[in-house]
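For the sequence shown, counting from 1, position 124 maps to 124 in the UniProt record's numbering; every step adds exactly one. Cβ coordinates follow ideal geometry from the N, Cα and C atoms, glycine included. For clarity, every value in this text was computed on a predicted model and none was experimentally measured. Below you'll find the structure, written out as structure tokens, and then a few comments.
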Amino acid sequence: MLVTVAAVYLLLSLISFDPADPGWSQTAWHEPIRNWGGVVGAYLSDILLQFFGFVAYSVPILMVVLCVQAMIHYYYHNDKPVNYFSLSLRVIGILAFLFSATGFFALNIQDLEQFQAGGILGDIVADEVLPFFNHIGASVLLFAICIACITLLTGLSWLFIAEMVGACVVMIATPILTLIVSLFKRSTHKIKQRQDDEQNRQLDIELAEVEDLAPIESSTSQIKASQDTSELQDDNQQDSHEVQQHQVTTTDLSHHESALIQAEQPDPVAEVTHQVSTQLMAEEEEPIYASHQHEQQSVIDENNPPPKLVEHEAVVQHHDFTINPDYYSPLSLAKEEHVPVDDEQTIAMVKIEEDDVIAPVGSYGAVDEQKPHSVTANVDEVVDDFEDELPVNKITKENIHDSLIHPLLQKENKLVQKPTTPLPSLSLLTAPPVKQVEVDHVALKATADLIEKSLADFRVKARVVDYLPGPVITRFEIELAPGVKASRISTLDRDLARSLSMPSVRVVEVIPGKPYVGIELPNLHRQTVYFREVLDSPQFKGAQSPLTVVLGKDIAGQSVVADLAKMPHLLVAGTTGSGKSVGVNAMILSILFKSQPEDVRFIMIDPKMLELSVYEGIPHLLTDVVTDMKDAANALNWSVNEMERRYRLMSALGVRNIAGYNEKIKLAEEMGRPIPDPLWRPGDSMDIDMPMLEKLPYIVVMVDEFADLIMAVGKKVEELIARLAQKARAAGIHLVLATQRPSVDVITGLIKANIPTRIAFTVSSKIDSRTILDQMGAESLLGMGDMLYLAPNSSIPVRVHGAFVRDEEVHSVVQDWKARGIPTKFIENITSSSDDGDGDGFDNSDEELDPLFDQVVAFVVDKRRASISGVQRQFRIGYNRAARIVEQMESQGIVSAPSHNGNREVLAPPSGQDY
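Structure representation (structure tokens):
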């Protein structure tokens, strides 16, 4: 009773709540209090409404429910011990009901000015649930928990409630439905009775009319019956005569004569087809061997079908066709394919190549060596003769043409067909899998906690603020405590790898745009970056440059492409097996998927004779793939001369780069006034007329292993590369140098100074990484295409996971381009040295001797010892100049080549002696 009184008092206080009354959350003047519970009621209602919102009105009800349950247990279950499990369920139900109900109200009911709809408790619950379930999901979840808590609190069964509601609905709806059904039956009975009356009335009228017309109809029926009887007798006599004649004919004729009966009423299409085939056979003078047969289907007229023979099959005219063996090998011949036949017609269709030449066959004999004619032309001529004789609306010339020729022009080998699209299709490449690997955020959060713990073990206070999962690695962004330097973490990379049980850990000290330090860890399951996936990305499709190359994806999974025209040259280095050759193939294929041969041409230098030789024969090549090192040096020398020639042309036209030059040439051609070659002289060629300028394509010089080139030819190649790197950008000539030996004698300071754009794959040491990128980090890469890309005008490398290109994909794209045509404007003298005496040829013997050459020779011959350091100290010159003089002495035969220990032998005799 006390609890009931308290609940009623609390309910009245909540109902009469007035924000003007003094309370826990506001102050007010001590005016007459409007709350029905007085000051205590005003404070209690204010506290409950501020904490629970509208759910506070259910607190008095919960008090009464709990009190009633306690009384029931006292009166009916007093002899039993207290069930603490049931009591705990009641308590959990109360707490969960308050939390879920307040959260649901906070999400879905608008707040008032005095208090929030869900109170302070509801606001806390909503803020915690929203990040995980969103608004709708959180509302559904909280509502379900609230309903379940009512069952826990009261033991009420919702099935019982549903049954009670259903019973009430049935009790109320049964009388109403009974009344409606009775009214419907009455109306239906009345309508049916009216229809019956109307039908009876109409029947009476019709019977009266029939009685009036009975005499007239009886006389008319007698006349018609007599006429039908006479006609029936005539028809029976005629049918019996035809049956007797047909029986005699069928009995006397033989099998062949029976087939000819069907041919007496020929179909027009069958006759035309027979005459076409006969004329084709008559045009062939000598018989040739037949390897395939073609049986033409007869087209039957639907309106006038020929008579069908039950006991015999229709006669079908056979035609033999063959492929001229002088033009195609027997392996290209297609096999004969037969389709099911019926009683009246037999069909045989032969599939052959689209461009094969077909000749009809008369009988077995020798091969006709004359040039065969085209079936299509002959069919057109024959069909023209019979087109006027064909019935209207039955068959046309096109139908006969298709019935004879179309089955013969079906392809079997798709690789031989010339592509119709201007660029290769992406269907040549391997499609990426549809199912994507899901990110395990729980494992990543556990790894983040482990990183924080490992750094704390080394007395580095830091906190992981975010992580970026990628296809190969995951970058954890770390916020360092104030006063902690990033260099402290850089020196702990190996210790962190050991603590985290990782093969390698890379520390990124500077992340552009963020004040954090990055720690890159390899993923447990590495994903493959497919080349087709990057080609199909908007980054590559939206690129307008013909020199757009594909690199791969960054650590966030975004496609990374680059423009070779803006680099303008690229240096690629990495150890064997790091993915360097695959990356070079991806660059070449991306250009082949982007540009036509008139836009970009290649000069490929492949000392290993394995990687780039597969591209032999594509129309983008300027010359054959160069495999000899002397020819490679001549190709670089030709590139330098071509660069100088292009600069002279651009200077004569007053443009600054190759893009402006091509635009000016295009405008002149559109106006019909081509520009003559300003560099042409009458004696330069056999042509009398002055040649006109044409569009200049971009030239990409691909060197797969330029370390072998430098070792085989010498330092002269370094000078040529430096000249191209310095000046060739405006001329449209770009270098891509790749090597697997990133040492200082290969990647010299001269090359690094002129090629700022570099890509470093996995290297063996920090020294090699510093040689390529001028900073460390490449030694921590994971291999298999994992690279660091140093973009132009940037000192911070970007980690990219290279796109994987299969050998089958390379061969497919190469075959596709080969089917389009052979290289046009193929320059064969690129690899040959010039003998015109102007110094264009690559020959170390033509190099101008150093002014100190004679003095150095005298010194070496006198001392009988040739060393670069000795010459450098004696004449006080630089190391490079001393090395160049020693190489000149070697080419002159004064000193020998260096032996295994680096020493050179002086071949010239001492002073005063002759050779």
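*Whole-angstrom C-beta distance between Val68 and Leu153, which should lie under 8 Å*: Incorrect: roughly 12 Å between the Cβ atoms, too far for contact.
*Under 8 Å between the Cβ atoms of Gly574 and Ala760?*
Going by C-beta atoms, Gly574 is nearer than 8 Å to Ala760.
*asked:* Would Gly118 and Gly53 qualify as a contact pair, given that the criterion is a beta-carbon distance under 8 Å?
replied: A contact, by the Cβ cut-off of 8 Å.
_Given Ser454 as reference, the closest of Ser499, Asp493, Val464 and Arg820 once Cα atoms are compared_ = Checking every option, the nearest Cα to that of Ser454 belongs to Ser499.
*Once you ignore the five residues that flank Ile868 on each side, which residues in its own chain have a CB closer than 8 Å to its CB?*
Counting only Cβ-Cβ distances below 8 Å, and skipping sequence neighbours, we find Tyr879, Ala882, Ala883 and Val886.
*asked:* Relative to the C-alpha of Met629, which candidate in Pro851, Val906, Ala431 and Gly714 has its C-alpha closest?
replied: Nearest in C-alpha terms to Met629, of all of Pro851, Val906, Ala431 and Gly714, is Gly714.
*Could you spell out where the beta strand (DSSP E) holding Met604 opens and where it closes?*
From DSSP, the beta strand (DSSP E) with Met604 extends over Val600 to Ile605.
*asked:* If you follow the beta strand (DSSP E) that Pro131 is in, where does it begin and where does it stop?
replied: For Pro131, no beta strand (DSSP E) segment is defined; the enclosing uninterrupted segment is the alpha helix (DSSP H) at Gly119 to Thr154.
*Of the choices Leu564, Gly122 and Gln775, whose alpha-carbon is the least far from that of Leu98?*
The shortest C-alpha separation from Leu98 is found at Gly122.
*Is it the case that the Cβ atoms of Gly37 and Ser13 are separated by a distance below 8 Å?*
Yes, they are a contact pair.
*Would you tell me roughly how many angstroms separate the C-alpha atoms of Asp838 and Thr623, rounded to the nearest one?*
With a pLDDT of only 40 at Asp838, under 50, the local geometry of the prediction cannot be trusted, and the value read off the model is given with reservation. Cα-Cα distance, rounded: 23 Å.
_CA-to-CA distance, Met690 to Glu387, given in whole angstroms_ = Annotation note: pLDDT 43 at Glu387 (below 50); position unreliable, coordinate value reported separately. Using only the alpha carbons, I get a separation of about 56 Å.
*Bridge partners - Phe476, DSSP secondary structure assignment*: Phe476 pairs with Tyr467 and Ile519.
_Within the stretch 508-579, ranges of the alpha helix (DSSP H) (whole runs, at least 4 residues)_ = Complete alpha helix (DSSP H) runs here, min 4: 531-535 and 538-541.
*What is the rounded straight-line gap between the Cα of Val871 and the Cα of Gln855?*
Computed Cα separation, rounded: 10 Å.
*asked:* Assuming Thr831 is part of the alpha helix (DSSP H), what are its boundary residues?
replied: Unbroken run through Thr831: none, as it is neither H nor E.
*Under 8 Å by Cβ, that's how I've got Val549 and Ala562 pegged, so tell me the actual separation to the nearest angstrom.*
The beta-carbon distance between Val549 and Ala562, rounded to whole angstroms, is 5 Å. This is short enough to meet the 8 Å contact definition.
*For Leu679, which residues from the same chain have a beta carbon less than 8 Å from its beta carbon, with the 5 sequence-adjacent residues on both sides left out?*
Contacts found: Arg645, Arg648, Leu649 and Ala652.
_Taking only three categories from DSSP, how would you classify Ile15?_
Under the three-state reduction of DSSP, Ile15 is assigned to helix.
*Measure the alpha-carbon distance for Pro419 versus Tyr698 and round it to whole angstroms.*
Cα to Cα, Pro419 sits roughly 24 Å from Tyr698.
*asked:* In whole angstroms, give me the CA-to-CA distance for Ile33 and Asp21.
replied: For Ile33 and Asp21, the distance between alpha carbons rounds to 6 Å.
*Compute the beta-carbon to beta-carbon distance between Pro546 and Val600, rounded to the nearest angstrom, for a pair I have assumed lies under 8 Å.*
Contact flag correct, Cβ pair sits at about 5 Å.
*Considering Ile618, what are the terminal residues of the beta strand (DSSP E) in which it resides?*
For Ile618, there is no enclosing beta strand (DSSP E), as DSSP marks it with neither H nor E.
*asked:* Does the contact criterion of 3 or more C-beta pairs under 8 Å hold for the stretch 821-833 versus the stretch 767-787?
replied: By the Cβ test, the stretch 821-833 is not in contact with the stretch 767-787, since fewer than three Cβ pairs between them sit closer than 8 Å.
*Less than 8 Å separating the beta-carbons of Met567 and Thr757?*
Yes; because the gap between Cβ atoms is below 8 Å, this pair is in contact.
_Rounded to the nearest angstrom, what separates Met1 and Thr102 at their Cα positions?_
Rounded to whole angstroms, Met1 to Thr102 spans 29 Å at the Cα level.
*Cα-Cα, which of Ser595, Asp111, Ala456 and Ile751 is closest to Leu621?*
When each option's Cα is compared against that of Leu621, the closest is Ser595.
*How would you call Val763, buried or exposed, if buried means at least 16 neighbouring beta carbons within 10 angstroms?*
Burial of Val763 is indicated by the presence of at least 16 other C-beta atoms within 10 angstroms of its C-beta.
*State the Cα-Cα distance for the pair Gln50 and Gly155, rounded to the nearest angstrom.*
When rounded, the distance between both Cα atoms is 29 Å.
*Smallest Cα separation from Gln436: which of Leu429, Pro471 and Met643?*
The option with the nearest alpha carbon to Gln436 is Pro471.
*May I ask you to report which of helix, strand or coil DSSP gives His73?*
When DSSP states are grouped into helix, strand and coil, His73 belongs to the helix group.
*Should Tyr74 go down as buried or exposed, given a rule of 16 or more other Cβ atoms within 10 Å for buried?*
Exposed, since its Cβ has fewer than 16 Cβ neighbours within 10 Å.
*asked:* Give me, in chain order, the residues of the same chain whose beta-carbon lies closer than 8 Å to that of Phe853; leave out the 5 immediate sequence neighbours on both sides.
replied: Closer than 8 Å at the Cβ level, and outside the excluded window around Phe853, lie Ile885, Gln888 and Met889.
*Counting along the chain, where does the beta strand (DSSP E) carrying Thr739 start and finish?*
Looking at the DSSP string, the run of the beta strand (DSSP E) that includes Thr739 is Ile733 to Thr739.
*Please confirm whether Thr627 and Asp606 have their CB atoms less than 8 Å apart.*
The criterion of a C-beta distance shorter than 8 Å is satisfied by Thr627 and Asp606.
_Looking at the strands, I want to know which residues DSSP matches up with Tyr698._
Tyr698 pairs with Val600.
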